[in-house]
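For reference, the structure is listed below as structure tokens.
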Amino acid sequence: MQLPDTLYGQNEVDPLSVYEQVIGQVQTLPGIEAASLVNMSQLGGGCMTTSVAALGTENKQQAMTYFVGPDYFKTLRIDVKQGREFSRRDRIDQTKVAIINETLAGLLWPGEYALGRKIDGGEKPYEVCGVVADSKYNDARETPQPAVYYCSLQSRLARVLIVRTKGNPAMLQYPLEAKIQELDPSMPRPQAKTYTRQIQGMLIGERAVSLFITIIGAGGLLLAGMGLYGIASYTGRLRTNEIGLRIALGARWFDIVLLIVRQAVGIIIVGLAAGILLTLPIALFLSKVIPFGMSIFDPATFVIVPLLMLITVAVACLIPALRAAKVDPMEALRYE
Numbered sequence: 002m003q004l005p006d007t008l009y010g011q012n013e014v015d016p017l018s019v020y021e022q023v024i025g026q027v028q029t030l031p032g033i034e035a036a037s038l039v040n041m042s043q044l045g046g047g048c049m050t051t052s053v054a055a056l057g058t059e060n061k062q063q064a065m066t067y068f069v070g071p072d073y074f075k076t077l078r079i080d081v082k083q084g085r086e087f088s089r090r091d092r093i094d095q096t097k098v099a100i101i102n103e104t105l106a107g108l109l110w111p112g113e114y115a116l117g118r119k120i121d122g123g124e125k126p127y128e129v130c131g132v133v134a135d136s137k138y139n140d141a142r143e144t145p146q147p148a149v150y151y152c153s154l155q156s157r158l159a160r161v162l163i164v165r166t167k168g169n170p171a172m173l174q175y176p177l178e179a180k181i182q183e184l185d186p187s188m189p190r191p192q193a194k195t196y197t198r199q200i201q202g203m204l205i206g207e208r209a210v211s212l213f214i215t216i217i218g219a220g221g222l223l224l225a226g227m228g229l230y231g232i233a234s235y236t237g238r239l240r241t242n243e244i245g246l247r248i249a250l251g252a253r254w255f256d257i258v259l260l261i262v263r264q265a266v267g268i269i270i271v272g273l274a275a276g277i278l279l280t281l282p283i284a285l286f287l288s289k290v291i292p293f294g295m296s297i298f299d300p301a302t303f304v305i306v307p308l309l310m311l312i313t314v315a316v317a318c319l320i321p322a323l324r325a326a327k328v329d330p331m332e333a334l335r336y337e
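Be aware that the sequence shown starts at 2, since it is given in this note's numbering, and climbs by one per residue.
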């Protein structure tokens, strides 16, 4: 959510007082887990890059650049690997501090400890007070990018509010907008957007492809079920004499159903085992082609899909099996 410029006056207001005013207002709402400020939201459609170098070297790197407040990484659940987050003590008159991600740390000081080092980020050097995990910055599909975070309490650039809720964020969207408007009733009601909506819009192409593949898969499963039904019916007719003899010798209807279903299920288990073995190298290939978080081994997929196939086989074979179990033994023995 974009904050009104009037909160900062003519660049005379202490950024800490603005931060405490905004966050204090937000935290009066029930269901707020964490909140912070940033100059522009990650995956928000915009990006800012600056040149960053290890102090005293010519090793310059272009890095995604953010100005963030205390609790920013807690709000987005980005792991702090070394050091600390920004705090209210990092004021505009204190030592300039910065936090970098693991990719930038590896580029500036490969194989070395980055905490406490200094970077040249402009007019004054900044001390690295923390190293955080890599994240997604401009695009959910991107590979890890170098990123640097400066403390918003040492600047006046962080004018976007981000909030993490304990429940459904959509339920707090309207109350949050109303709370922020109370800070400046003269401004139009601010518009809050959820990260879920932003990411869904970003991945609309992939979602369309996924839906298309799901429809094809469902159609294939339906055709497979129809084919299995036909095969089970044909097999039951071919074994009419055998079934009649088994019934005449005392076989129960359940035994006949199990006879036909078990044969089909045995075949499908062999097919599933071969399919899973072939799927693993394909999943490994796709994990490299699609760099934004596809798991090589998804337990849900490898459990639900085979289970769904087995249920389809059982249902497809059940009707022919029940029909075969009701055959008259005398008629079956005369069947040719």
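For each residue, glycine too, the CB sits at the ideal point set by N, CA and C.
For clarity, every value in this text was computed on a predicted model and none was experimentally measured.
Those residues which DSSP pairs with residue i across a bridge
i	result
residue 86	Answer is none; residue 86 lacks a bridge partner.
residue 100	131, 150
residue 50	65
residue 126	121
residue 37	163
residue 3	161
residue 81	133
residue 55	120
CA nearest to the CA of residue i, picked from the options
i	options	result
residue 103	168, 137, 246, 170	137
residue 148	108, 166, 179, 183	108
residue 40	52, 2, 63, 60	2
residue 58	177, 126, 181, 281	126
residue 273	263, 134, 311, 167	311
residue 122	152, 248, 146	152
residue 98	78, 113, 69, 191	69
residue 218	182, 163, 309, 172	309
residue 32	177, 251, 256, 106	177
residue 37	94, 63, 87, 210	87
residue 101	280, 71, 115	115
residue 232	190, 146, 268, 111	268
residue 305	277, 73, 106	277
residue 314	275, 300, 264, 286	264
residue 94	146, 117, 60, 156	156
residue 60	106, 146, 251	106
residue 74	208, 165, 15	165
residue 198	186, 169, 220	169
residue 303	252, 279, 80	279
residue 316	145, 191, 227, 251	227
residue 191	214, 175, 118, 249	175
Whole-angstrom C-beta distance between residue j and residue i, which should lie under 8 angstroms
i	j	result
residue 65	residue 50	6 angstroms
residue 124	residue 96	Between residue 96 and residue 124 the Cβ distance is about 14 angstroms, and since that is not below 8 angstroms, they are no contact.
residue 323	residue 258	6 angstroms
residue 120	residue 53	5 angstroms
residue 204	residue 141	6 angstroms
Proximity of residue i and residue j at Cβ, strictly below 8 angstroms
i	j	result
residue 4	residue 161	yes
residue 224	residue 318	no
residue 92	residue 17	yes
residue 154	residue 20	yes
residue 150	residue 44	no
residue 84	residue 131	yes
residue 181	residue 26	yes
residue 134	residue 82	yes
residue 173	residue 30	yes
residue 270	residue 236	no
residue 42	residue 216	no
residue 89	residue 71	yes
residue 1	residue 234	In this structure the chain extends from 2 to 337, so residue 1 is not present and cannot be described.
Test: residue i CB closer than 8 angstroms to a CB of chain B
i	result
residue 55	Structure shown: chain B not included; a single protein chain is present.
* **Within the stretch 147 to 214, ranges of the beta strand (DSSP E) (whole runs, at least 3 residues)** => 148 to 152, 161 to 166
* **In chain order, each alpha helix (DSSP H) run of at least 4 residues that lies wholly inside the stretch 238 to 281** => 241 to 249
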